[in-house]
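Number of protein chains: 2
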Amino acid sequence: MRGPRPAPTVKGMPIRVSARLPAWVSRFVARAGALFPRPEAQMALVVALSAENVRRKTGGPFGAAVFDMDDGRIVSAGVNLVVSANCSVLHAEIVALALAQSRLEHYDLATVGSRRYALVTSTEPCAMCLGAIPWSGVCVVVCGARDEDARHAGFDEGAKPADWVRQLKRRGITVKQDVLRTEAATVLANYAAGGGIIYNGRGW
Amino acid sequence: MRGPRPAPTVKGMPIRVSARLPAWVSRFVARAGALFPRPEAQMALVVALSAENVRRKTGGPFGAAVFDMDDGRIVSAGVNLVVSANCSVLHAEIVALALAQSRLEHYDLATVGSRRYALVTSTEPCAMCLGAIPWSGVCVVVCGARDEDARHAGFDEGAKPADWVRQLKRRGITVKQDVLRTEAATVLANYAAGGGIIYNGRGW
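One line per chain: the protein sequences are A and B, in this order.
Taking the numbering used here, the leading residue of the first sequence gets 46, the next gets one more, and so forth.
Taking the numbering used here, the leading residue of the second sequence gets 46, the next gets one more, and so forth.
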């Protein structure tokens, strides 16, 4: 909790949204390789990113990446930057999606050539990230830990509809759940046990 | 629709999320003033931002801002940057929230001193922005146009729960609807009539 700040003025109004991945992420991914043809290999990478983000104290225990579904090539990677970038929006999924769109130079990945893209996330998306998925243009979402694993660690997943998987399906987006769930959930549990910041656990 | 692009390599993996408000926004807000004590004045500003964003061809017909609820001072302003920044996440509300958090140097506006903050948005939040609101720390959301006004213009608001206002209330967030709704909805209708890009209207 901070003390009161001076009231802001128009003069100081910020104009740039900016955040940077921790420097280790690119090296970490490069060491893992460029091609991840199977969902399990893709998930192993994002779970490793989630664990490394905690170990290096660069953010919360969440990792995500966007993959080209034709050849399994990694397009972008994201880790949770909420605390480090002071931005509640920067969940791992949002970071990965924004970086993929930046790289492919389109706000809708479904319209980039004939390729199809998958979002792979170490934990099922919260309500915000769930809402972001249809706008992003990915056509597959691969999830590791379940919402209840996140909640068990103290995180709030928000007001998600019970039938969110079916709702995405109706929009042409396939969800694959429980890929390396145990490994992904272990990262969450270890984070909570280690006293990590639960940045949205207001006890609603 | 673009042609196929060369398959990406790890080497080229992007590392920075970055977007900038159009240059006119700061001047536009500065001319309007610094203090907006009443919700109607706050809404008049964000509706004007939504219209100006279309007029200047810098993005979609949506505006938002964060205000200090004690004195009505503007903290940050946002306009829709989806097309201009090639990022599906950058709805006006997300831009305004991220900029407010950047300015106040905290990812949770509810923990910044004793002040309370309101998000004012020219159109009711889509499913993504709705999910983002509880994580942001604002305690009031003021809305102009309704979801159905956006849908009427061709935009998709996503899978929002029917009782979203009550769900936010349960989290301590008050929603005020229909503030200058006609004025806000007119901007949406004019945009659609003018052939503006409906960037998420995939006809689901």
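Backbone N, C-alpha and C define an ideal beta-carbon position, used for all residues, glycine too.
Here the structure is a predicted model, which is why all the values come from computation and not from measurement.
Among the options, which residue has its Cα nearest to the Cα of residue i?
i	options	result
Leu142(B)	Val185(B), Gly105(B), Arg101(B) and Ser129(B)	Val185(B)
Leu135(B)	Pro59(B), Asp223(B) and Leu66(B)	Leu66(B)
Arg211(B)	Ala230(B), Cys132(B) and Leu175(B)	Leu175(B)
Ser121(B)	Tyr244(B), Gln87(B) and Ala190(B)	Gln87(B)
Ile243(A)	Thr231(A), Gly105(A) and Ala230(A)	Gly105(A)
Phe200(A)	Arg160(A), Asp208(A), Arg191(A) and Ala207(A)	Arg191(A)
Ala109(B)	Ser147(B), Arg76(B) and Val70(B)	Val70(B)
Asp113(A)	Gly217(A), Leu149(A) and Gly189(A)	Leu149(A)
Arg250(B)	Pro82(A), Thr166(A), Ser181(A) and Asn245(A)	Residue 250(B) cannot be examined here, being either before or after the span of chain B that is shown, 46 to 249.
Asp115(A)	Asn131(A), Val183(A), Lys214(A) and Phe73(A)	Val183(A)
Glu138(A)	Arg161(A), Thr166(A), Gly117(A) and His151(A)	Thr166(A)
Val74(A)	Glu97(A), Glu85(A) and Pro84(A)	Glu97(A)
Gln146(B)	Asn235(A), Met58(A) and Gly239(A)	Met58(A)
Arg76(B)	Glu193(B), Ile119(B) and Tyr162(B)	Ile119(B)
Pro170(B)	Val99(B), Lys221(B), Thr156(B) and Glu85(B)	Lys221(B)
Gly189(A)	Pro206(A), Arg160(A), Gly240(A) and Leu94(A)	Leu94(A)
Leu213(A)	Pro179(A), Thr156(A), Ala195(A) and Arg61(A)	Pro179(A)
His197(A)	Met173(A), Asn235(A), Trp209(A) and Ile218(A)	Asn235(A)
Arg101(A)	Gly117(A), Pro82(A) and Val124(A)	Val124(A)
Leu233(A)	Val224(A), Ser181(A), Val99(A) and Pro206(A)	Val99(A)
Asp208(A)	Ala172(A), Val111(A) and Gly117(A)	Ala172(A)
Ile60(A)	Phe107(B), Ala68(B) and Ile60(B)	Ala68(B)
Ser181(A)	Val140(A), Thr227(A), Pro206(A) and Asp223(A)	Val140(A)
His151(A)	Leu144(B), Asn131(B) and Tyr162(B)	Asn131(B)
Val111(B)	Ala195(B), Tyr162(B), Pro82(B) and Glu202(B)	Tyr162(B)
Glu202(A)	Val91(B), Val157(B) and Ala177(B)	Ala177(B)
Does the Cβ of residue i have 16 or more other Cβ atoms within 10 Å, making it buried, or fewer, making it exposed?
i	result
Leu164(A)	buried
Ala204(A)	buried
Thr168(B)	buried
Ser133(B)	buried
Val127(A)	buried
Leu80(B)	exposed
Asp153(B)	buried
Thr103(A)	buried
Ser129(B)	buried
Ala238(B)	exposed
Ala230(A)	buried
Glu193(A)	exposed
Gly240(A)	exposed
Gly78(B)	exposed
Pro84(A)	buried
Ser159(A)	exposed
Ala89(A)	buried
Arg72(B)	exposed
Ala64(B)	buried
Ala52(B)	Here the model assigns Ala52(B) a pLDDT of 40, short of 50, so the residue's position is not dependable, and the following value carries that caveat. Exposed, because fewer than 16 other Cβ atoms sit within 10 Å of the Cβ of Ala52(B).
Checking the sheet assignment: what are the DSSP bridge partners for residue i?
i	result
Leu164(B)	Val111(B) and Val186(B)
Ser133(A)	Partner(s): none; Ser133(A) has no beta bridge.
Ala64(B)	Val62(A)
Val220(A)	Val186(A)
Regarding residue i and the ligand NAP, is the C-beta to nearest heavy atom distance less than 7 Å?
i	result
Arg148(A)	In the structure on display, the ligand NAP does not appear, and there are no ligands present to speak of.
Name the chain D residues whose beta carbon is nearer than 9 Å to that of residue i?
i	result
Pro106(B)	The structure shown contains no chain D; the protein chains it does contain are A and B.
Of all the residues that make up the stretch 73-104 of chain B, which are near chain A by a beta-carbon distance shorter than 9 Å?
Val74, Ala75, Ala77, Gly78 and Ala79
Please list, in chain order, the residues of the stretch 146-157 of chain A that have any C-beta partner in chain B closer than 9 Å.
Gln146, Ser147, Arg148, Leu149, Glu150, His151, Tyr152, Asp153, Leu154, Ala155, Thr156 and Val157
For the stretch 77-129 of chain A, list the alpha helix (DSSP H) runs that are entirely contained and at least 4 residues long, ordered along the chain.
84-100
Using a beta-carbon distance cut-off of less than 8 Å, what residues from the stretch 166-183 of chain B approach chain A?
Cys171, Ala172, Met173, Cys174, Leu175, Gly176, Ala177, Pro179, Trp180, Ser181 and Gly182
Taking only beta carbons into account, state which residues of the stretch 129-143 of chain A come closer than 7 Å to chain B, listed in chain order.
Asn131, Cys132, Ser133, Val134, Ile139, Val140, Leu142 and Ala143
Can you pull out the residues from the stretch 209-220 of chain B whose beta carbon lies closer than 8 Å to at least one beta carbon of chain A?
Trp209, Gln212, Arg215, Arg216 and Gly217
Using a Cβ-Cβ cut-off of less than 7 Å, list which residues of the stretch 185-205 of chain B approach chain A; keep chain order.
Gly203 and Ala204
Anything in the stretch 113-129 of chain A with a Cβ closer than 7 Å to a Cβ of chain B? List those residues in chain order, please.
Asp113, Asp116, Arg118, Ile119, Val120, Ser121, Ala122, Val127 and Val128
Chain A contacts from the stretch 55-66 of chain B (Cβ-Cβ distance under 8 Å)
Val55, Lys56, Gly57, Met58, Pro59, Ile60, Arg61, Val62, Ser63, Ala64, Arg65 and Leu66
Counting only Cβ-Cβ distances shorter than 8 Å, please list the residues of the stretch 233-246 of chain A near chain B, keeping chain order.
Tyr244 and Asn245
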